[in-house]
Structure formats: structure tokens, C-alpha cells
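**Student:** All residue numbers for the sequence shown refer to the UniProt record's numbering, where the first residue is 1 and numbers rise by one. Where a beta carbon is used, it is the ideal one built from N, C-alpha and C, also for glycine. My questions all concern the structure below.
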Amino acid sequence: MKDFKNNFNSNITKWIGVVFVIIMVYSLIDVVGVTGKKLIFSDFLNKVANKEVKEVNIRGNNIDGIFYSGESFVTLAPKEYSQLVDDLRSNDVKINIMPLESTLGSIVGVLFSWFPVLLLVGVWMYFMKSMQNPGEKAMGFGKSKAKLTQDHGKKITFADVAGVDEAKEELKEVVDFLKNPAKFSKLGGKIPKGCLLIGSPGTGKTLLAKAVAGEAGVPFFTISGSDFVEMFVGVGASRVRDMFVQAKKHAPCIVFIDEIDAVGRHRGAGLGGGNDEREQTLNQLLVEMDGFADNQGIIVVAATNRPDVLDPALLRPGRFDRQITVPIPDVRGREQILQVHIKNVPTAPDVNVSIIARGTPGFSGADLANLINEAALAAARLDRNVVTMEELEHAKDKVMMGAERRSMVMSETEKEITAYHEGGHALIGLSMPESDPIHKATIIPRGRALGMVMQLPEGDRLSYSKQRLETKLAILMGGRVAEEVIFGKEKVTTGASNDIKVATEIARNMVTKWGLSDEIGPIMIGNDKEEVFLGYSAGKESGISDQLAEKVDHEINKLLTHAYSTAQDIVTKNKDKLHNLAKQLIKYETLTGEEIQGLLVGKEINRSSDINKSSDFGTSSIPSSRSDTSGSVVSQDVKYT
Numbered sequence: 001m002k003d004f005k006n007n008f009n010s011n012i013t014k015w016i017g018v019v020f021v022i023i024m025v026y027s028l029i030d031v032v033g034v035t036g037k038k039l040i041f042s043d044f045l046n047k048v049a050n051k052e053v054k055e056v057n058i059r060g061n062n063i064d065g066i067f068y069s070g071e072s073f074v075t076l077a078p079k080e081y082s083q084l085v086d087d088l089r090s091n092d093v094k095i096n097i098m099p100l101e102s103t104l105g106s107i108v109g110v111l112f113s114w115f116p117v118l119l120l121v122g123v124w125m126y127f128m129k130s131m132q133n134p135g136e137k138a139m140g141f142g143k144s145k146a147k148l149t150q151d152h153g154k155k156i157t158f159a160d161v162a163g164v165d166e167a168k169e170e171l172k173e174v175v176d177f178l179k180n181p182a183k184f185s186k187l188g189g190k191i192p193k194g195c196l197l198i199g200s201p202g203t204g205k206t207l208l209a210k211a212v213a214g215e216a217g218v219p220f221f222t223i224s225g226s227d228f229v230e231m232f233v234g235v236g237a238s239r240v241r242d243m244f245v246q247a248k249k250h251a252p253c254i255v256f257i258d259e260i261d262a263v264g265r266h267r268g269a270g271l272g273g274g275n276d277e278r279e280q281t282l283n284q285l286l287v288e289m290d291g292f293a294d295n296q297g298i299i300v301v302a303a304t305n306r307p308d309v310l311d312p313a314l315l316r317p318g319r320f321d322r323q324i325t326v327p328i329p330d331v332r333g334r335e336q337i338l339q340v341h342i343k344n345v346p347t348a349p350d351v352n353v354s355i356i357a358r359g360t361p362g363f364s365g366a367d368l369a370n371l372i373n374e375a376a377l378a379a380a381r382l383d384r385n386v387v388t389m390e391e392l393e394h395a396k397d398k399v400m401m402g403a404e405r406r407s408m409v410m411s412e413t414e415k416e417i418t419a420y421h422e423g424g425h426a427l428i429g430l431s432m433p434e435s436d437p438i439h440k441a442t443i444i445p446r447g448r449a450l451g452m453v454m455q456l457p458e459g460d461r462l463s464y465s466k467q468r469l470e471t472k473l474a475i476l477m478g479g480r481v482a483e484e485v486i487f488g489k490e491k492v493t494t495g496a497s498n499d500i501k502v503a504t505e506i507a508r509n510m511v512t513k514w515g516l517s518d519e520i521g522p523i524m525i526g527n528d529k530e531e532v533f534l535g536y537s538a539g540k541e542s543g544i545s546d547q548l549a550e551k552v553d554h555e556i557n558k559l560l561t562h563a564y565s566t567a568q569d570i571v572t573k574n575k576d577k578l579h580n581l582a583k584q585l586i587k588y589e590t591l592t593g594e595e596i597q598g599l600l601v602g603k604e605i606n607r608s609s610d611i612n613k614s615s616d617f618g619t620s621s622i623p624s625s626r627s628d629t630s631g632s633v634v635s636q637d638v639k640y641t
């Protein structure tokens, strides 16, 4: 095929050259006008004197004409002979003075006149070429859409990736393979065919693949899994073949397929049998990665957050030899990621990224990058030269809980209820064992909440004791209990709806998943795809007996009732402290953890005289309107699963 293309290009070049020469010769002949008998000038004068010349055409020094006999002639006159016109007129010769024409202008005119013919010839030759190459799809449908990225400018290396040390160690060996394959081949080792990066969105899978290419210094092809699949059957398979053909030309290289689950889903699971476009594309990918063809030097790196839907043939050794988990970073990893992103941002001396790292459990690398960007934007809005801790805290709150809703109109009654609600959360949190330290309490509306209490864990937690979970339930009930104790049952609001929802979910998991109920025991009830709600009908739908469903309901209710009673006892015994805490929340709207602890032991809040004025971010004097989804405690632990 390649030889044919070269021959075709050579032939079309020859034909264009031949046509151009013909046009040039034609134009020159047409310009010079070499027709008729050639006369020397003296003979021409004799003919004029003998009255044999009928008509002449004068173009500068060139003269052509006809005799009375009908014969044509051409001659050349000297510039110094000024009596020529007089001689012609005295002998009754008809004189035509013709303008001089440039050769270039004539050629351009000829080319324009021949352009339609040349265009038709070109179109005809193109279709002849297409007919001789039926394997090439019209409009390039079968061509790969993979983009080639080579080493131009700044490279991304492992120094730009933080928080995923284990994944980096796995991929460093791939880099060694690409840099020095002989080191491994002499011991019989073979380069991995593929590496599958598995992780939640934003954990840095694509960044890791770029770092591998940057460290190894090899070409890097990028493509999305959805780029293979088209409505025409066979196009995706053709694109896979073309992609590997291109990769072979640049080997050793890396081919990165993002969101491979778009094309690598389990075969036979959908409609249309096994002959649909996606399955044919997957089949071709399987063959290219580990088939009869030798694709040495090509490493396929793929990324997905849905490994459960991938076809088993794609995951076997020889295809994706390595499956590397890219997890959500821990507190040390988050600090490293923040250091990477903040190095290009001017910061104030008070900035402490370790505090931000502690307060952002569950954040991915993309979330942390967004946090730093939001802080920089906030500092720029305030015309500051550096980013301070205030902007970082503001950005963290905005990313986690949403922007402040300054436009809401909150009445004094609503503000008071919210203050007691959040004060109840804080009071229970500081009174219960195994509770995370209180970081902040606020009655400033954010997102769907009118206020919240933030707890800052001292470190990431991988497991939870029964006592810690019971503490969590009591803290969640603290807001509702505070409203009931202070304002009475008749004036309890819907503000605790989210607290009750979260508490019920925790209690249900304690009973049905974590085996923390003495009555039920260590039994798994239902599965991740089934919800075990209160009520017998749910029990029947989940495949459990009515007796067991009744026990589950009873145990969930017992846990929630016990948490409510515990919170009620604490609030009743510390009603004066709750009054003081709510009063200060109404006054200052936001209290730090240290200030809340001081209030509970009788200390006064010591702030400057202008502290109650609106800050740069509007954290005081917030006009708000209470909604059904009001204050909720925000415990910044990882999610319960």
C-alpha cells in the first residue's frame, strides 16, 4: 500500500509537469506570434515602395502583415528608423499599432483559462485512486483519533505527582523497562503489556500516565474509550488497528486510554448479541494487546473508575498485567499534594498546609488543586499580594459546603433557633467520649444549610468503634434536642431533617452491615444494592423474614432512641452553657473551637472592637431566610460504608 501511494504521488507530479510545459510552450508561441514569411527589413521597405504590402501590425519593433497576394510576413524594424510610418502612409498601407503583451501576463491568462480542465482532471484522478484503495474508509472514519504528545517544553515527572506513593513505585518499574529493557530481558523478564489505573475521579490517574511518559522520555498517545465507538460497525476496530500501527512507528511509546470502561465492558451483557460495534472494538483491542502480532515496546496504560464492569479477558495477565489502585490520599498525601499546588502561589507566613490537610479528608487531588485555586481567586478579589490562611479556610469551606448565601433574609427568631440548634451540636460534641475536636461553629448559611458545626479529626480513620459511632449519633441528635429543650416540642422545626437522615443511615449500617447489634449479631442483612428500611414490606423485598425485619427495626429504633436520650440528658444538665453559647453565636455568627471550649468553662470571648463588622468575605451580619434543610453537623470524617 505504501509503495502504491509513492508511485501515485510520483505519477501525478510527472503529469503536472508535462501539462505545465505544454502550457508554457503554447503561451510562448502565442506571444511571439511566429507565423508567415520572414523578411529582412530592406526587402520589407522595397515591397512597401513597390506597393505590394496591404496591411501591417506594429508591436514595438516587431512588424507582421499581409501582401496584396494574401501571403503573410514578419520582420523586425530598428528603433532609429523614424520614417517608417511616413513611408507606409505614402504607399497606402493600412497600419495597426498593437500593444506590447508581457509573457507573464499571457501565462497567467492561459493558466486561468485551463484551470477548469485541470480541476476536472484532478477530481477524476482522485476517484481513480479511491477505487484502487477500497480498504481506506471514506472521510477517514477508520483512522485513529489518538493524539501524539512528544517532549516539547516542560515535562511532567513524578515530582509533579504526590499523595500516591505506592502507585508511583509500581509505575517507576515501567519507566525502567522503557529506559533500559536489556536490564530485565537478560534475566528473562518481559515488558508489561498494560497497566490499568483504578481510582475515583480526580485522584490523578491521567497525571500519573503523563508522568510515566515524561520520566521515560518516550512518545505519548492519548485517546478516550468513547473515541473508538461509532454508529457504524467495524469503525472502532479499524481505529484500534490504526492506533497500534501508529504506535509501532514510534515505539517504544505509551498509549493512554482514558475511561476504558466505555469500550471494555463485559461482553454479552447488552442487547444485540455479540456482534455490536463495542464488542467488536473490544475484541480487536484484546488481539492487538496479546495476539499473534508482536507489539514490543508499546505499553498500554488505561484508566477507569469502574473496574467491576470490565471484561475478564481484558484484566488477565498478558493484557493488563498490572492493576494499580490510585486511592484517595491520606492526610500525609493531602499535605504533599497541597505543597505541590501551592508552590506557584505566593503565600503569607501564617499559611499552614498541614491544618488544611487535616481538615480535608476525602478530598482527591483535583479537589485540593481546586481549593488552592479558589484561595488564589479570593485573594485576588481582595487585591492582596499573597494568599493567607483566611483565604485557604474560606476556600475549604466553599468547596466543602458551598458559597455563603448573603442574600438570604433571616429573621431574629430564625437566627436564634439556628444558634441554639448549632450550639446543641457543639455542646454534645465536647461532652461525649471519642469525639473529634470542634473546629468551627457558624450560623452563616452555606449551600442548603443555615448553619453547621465542623469537627476537625486529628487524623484519617480507617475503622470506627461502636462507642465512636454512638457518639456520632448523639451529636447528630444534639440540634433537635436543643430546640426541644429550649423552645418546647410544639416549636421544634424541620431543621434536623438531614441530621435524622444521616443518623438513621448510621444506625441501619450498625445493625445490618457492621454487626454491632447484640440482638441481631454479626449477620450481613441485604447487600449494597438493597436498602433495608424500617417496615415489613422492605423486609420481604430484601428476602428476609418478617421476624428478622421486625428485629432490625427494633434495634435501629433502640440505637436512635438511646442517642436522643443521651443528648437530652447532656443538654438538660448544661442548659446555662447552651444559652451562653447560643448568645455568642448570635453575636459573632462564627466561633472557633477554642472559643467554644472557653465559653463552656466560663471564659469570655476576647476580640477586637470591630470584630462584629462585616469581614472581607461577609462572615457577619448575614441576612438569611430559614429553609427546611437547616443547620447540620458536619463531621469531616471519611464516609461510612
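1) If we ignore side chains and look at the alpha-carbon of each, how far apart do Gly-598 and Asp-436 end up?
2) On the criterion of 16 or more Cβ atoms from any shown chain inside 10 Å, does Lys-573 qualify as buried, or is it exposed?
3) Would you mind stating whether Met-432 and Ile-475 have Cβ atoms separated by less than 8 Å?
4) Which same chain residues end up closer than 6 Å to Ala-369 when comparing Cβ atoms and leaving out the 5 residues on each side of it in sequence?
5) Tell me the start and end of each unbroken alpha helix (DSSP H) in the segment 214 to 298 that is at least 4 residues and wholly inside, in chain order.
6) According to the Cβ coordinates, are Lys-193 and Asp-321 closer than 8 Å?
7) In the DSSP assignment, what residue or residues form a beta bridge with Gly-602?
8) Quick one: residues in its chain with C-beta nearer than 6 Å to the C-beta of Asn-283, no 5 flanking neighbours on either side, listed in chain order?
9) Would you mind working out which of Gln-455, Ala-379 and Val-331 sits nearest Pro-346, comparing C-alpha positions?
10) Take every Cβ of the segment 197 to 205, pair it with every Cβ of the segment 239 to 250, and state whether three or more of those distances are shorter than 8 Å.
11) Alpha carbon to alpha carbon, how far is Gly-264 from Val-171? Give it in angstroms, no decimals.
12) Would you list the residues sitting across from Glu-55 in a DSSP beta bridge?
13) Would you call the CB atoms of Ala-366 and Ala-395 closer than 8 Å?
14) Using a Cβ distance threshold of 8 Å, determine whether the segment 178 to 187 contacts the segment 381 to 394, with at least three qualifying pairs required.
15) Reducing DSSP to helix, strand and coil, say where Gly-526 ends up.
16) Which whole-angstrom value describes the C-beta separation of Ser-224 and Ser-364, a residue pair presumed to lie in contact below a C-beta threshold of 8 Å?
17) Kindly provide the ranges of any alpha helix (DSSP H) runs that are 4 or more residues long and lie completely inside the segment 308 to 339, ordered along the chain.
18) Go ahead and pull the three-state DSSP assignment for Gly-478.
19) With DSSP as the reference, label Ile-506 as helix, strand or coil.
20) To which residues does DSSP link Ser-72 through a beta bridge?
21) Name the residue from Val-453, Lys-501, Thr-413 and Ile-156 whose alpha carbon lies nearest to the alpha carbon of Gly-424.
22) State the Cα-Cα distance for the pair Glu-80 and Leu-118, rounded to the nearest angstrom.
23) Going by DSSP in three states, Ala-303 sits in which element: helix, strand or coil?
24) Mind checking who Lys-38 pairs with in its DSSP beta bridge?
25) Thinking C-alpha only, which one of Asn-62, Met-125 and Val-48 is nearest Glu-94?
26) If we ignore side chains and look at the alpha-carbon of each, how far apart do Arg-319 and Gly-297 end up?
27) Please work out which residues of its chain come closer than 8 Å, Cβ to Cβ, to Ile-586, disregarding the five sequence neighbours upstream and downstream, and give them in chain order.
28) Hey, would you say Ala-426 sits closer than 8 Å to Ala-441, going by beta carbons?
29) Considering only residues of the same chain and omitting the five flanking positions on each side of Asp-628, which have a CB-CB separation below 8 Å?
30) Pull up the distance between the alpha-carbon of Met-477 and that of Thr-566, whole angstroms please.
31) Which term fits Ala-237, buried or exposed, when burial requires 16 or more other beta carbons within 10 angstroms of its beta carbon?
32) Is there a Cβ from chain C that is less than 8 Å from the Cβ of Asn-385?
33) Can you tell me whether His-579 is buried or exposed, with buried defined as 16 or more other CB within 10 angstroms of its CB?
34) Could you check how far apart the C-beta atoms of Leu-600 and Leu-456 are, in whole angstroms? I think they sit under 8 Å.
35) Under the rule that 16 or more other beta-carbon atoms within 10 Å means buried, what is Gly-402, buried or exposed?
36) Taking Cβ positions, are Val-399 and Arg-358 nearer each other than 8 Å?
**Tutor:** Here's the rundown:
1) 17 Å
2) exposed
3) yes
4) His-341
5) 235 to 249 and 277 to 289
6) yes
7) None, per the DSSP bridge assignment.
8) none
9) Ala-379
10) no
11) First, the amino acid is wrong: residue 171 is Leu here, not Val. When rounded, the distance between both Cα atoms is 22 Å.
12) Ile-66 and Lys-94
13) no
14) no
15) coil
16) Not really, about 20 Å apart at Cβ, beyond 8 Å.
17) 312 to 315
18) helix
19) helix
20) Ile-66
21) Val-453
22) 46 Å
23) strand
24) Val-74
25) Looking at the sequence provided, one finds Lys at residue 94 rather than Glu. Minimum Cα distance to Lys-94 is reached at Val-48.
26) 14 Å
27) Lys-415, Glu-416, Ala-419 and Ile-443
28) yes
29) A caution first: Asp-628 carries a pLDDT of 37, below 50, which makes its placement in the model unreliable, though a value can still be read off. Answer for Asp-628: Thr-494, Gly-495 and Ser-497, listed in chain order.
30) 9 Å
31) buried
32) Absent from the structure is chain C; it holds one protein chain and no more.
33) exposed
34) Actually they are not in contact, since the Cβ atoms of Leu-600 and Leu-456 sit about 17 Å apart, beyond 8 Å.
35) exposed
36) no
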